Amino acid sequence: DVKVTQSSRYLVKRTGEKVFLECVQDMDHENMFWYRQDPGLGLRLIYFSYDVKMKEKGDIPEGYSVSREKKERFSLILESASTNQTSMYLCASSSSGTANTEAFFGQGTRLTVV
Amino acid sequence: AQRVTQPEKLLSVFKGAPVELKCNYSYSGSPELFWYVQYSRQRLQLLLRHISRESIKGFTADLNKGETSFHLKKPFAQEEDSAMYYCALGVYNTDKLIFGTGTRLQVFP
């Protein structure tokens, strides 16, 4: 059974804190993604990584950074958390080589910034 | 610019009624299109992709390049179809996946 695992299901952080969201996949996928999911706004791509140490900005990268030191792990970093970053964060992975490939999602991390 | 538009936030039907969830895209290249579904308390998962031309759980979707649409259809809705549905566009040569805003389907008994 394919697996994308996000380290936390729920997180509560204070404004200004540095926050790390971790994601691990066991499918040897080249591509990994971070999205945020908000009602009425759908899934918006924050960052995308197509290989180890390679990354590309998505549609809403401001206030976020990412790290991919190993193929199986993709971390999302909120440098200084703000209340407008309260959201559901979804990690996904897919194999490379075709835009037709299926993406597999984690269970999500609901982050609340107070 | 690449964009996916789902005009309906909520679609409510009765069991047995036909369902059509609309999706339009904007993309200059050859599109790769998907429908993803999220049932309550479950993770987002692939429902179907246009290249497979398959029917999954009674759902079908046809790519219409002239109208730049990829609407999801089912002739007879079931209560278990109630979920959030997202249309997505695969960007050629990047593997990037762009999602729409989603449509919540409610099927009443």
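Residue numbers (my numbering), protein chains in the order written: chain A, 67 to 180; chain B, 2 to 110. C-beta atoms are modelled at their ideal positions from N, C-alpha and C, and glycine is treated no differently. Predicted model, so just to flag it, every value in this text is computed and none were measured.
- Ranked by Cα distance from A/E145, the first of A/E83, A/L77, A/Y101 is A/E83.
- For B/R44, at least one C-beta of chain A is nearer than 8 Å to its own C-beta.
- By the criterion of a C-beta distance shorter than 8 Å, A/E135 is surrounded in its chain by V118, K119, once the five residues flanking it on both sides are discounted.
- Taking 9 Å as the cut-off between beta carbons, the residues of the stretch 79-112 of chain A near chain B are E96, N97, F99, Y101, Q103, P105, G106, L107, G108, L109, R110, L111, in sequence order.
- Secondary structure note for B/C24: it is in no beta strand (DSSP E), with a DSSP letter that is neither H nor E.
- Membership of A/V70 in the beta strand (DSSP E) is indicated by the continuous run 70-72.
- Counting along the chain, the unbroken beta strand (DSSP E) around B/T6 starts and ends at 4-6.
- For A/R75, DSSP assigns no beta-bridge partner whatsoever.
- Short of 6 Å from the beta carbon of B/R105, and not among the five residues preceding or following it, lie these beta carbons of its own chain, in chain order: L11, M85.
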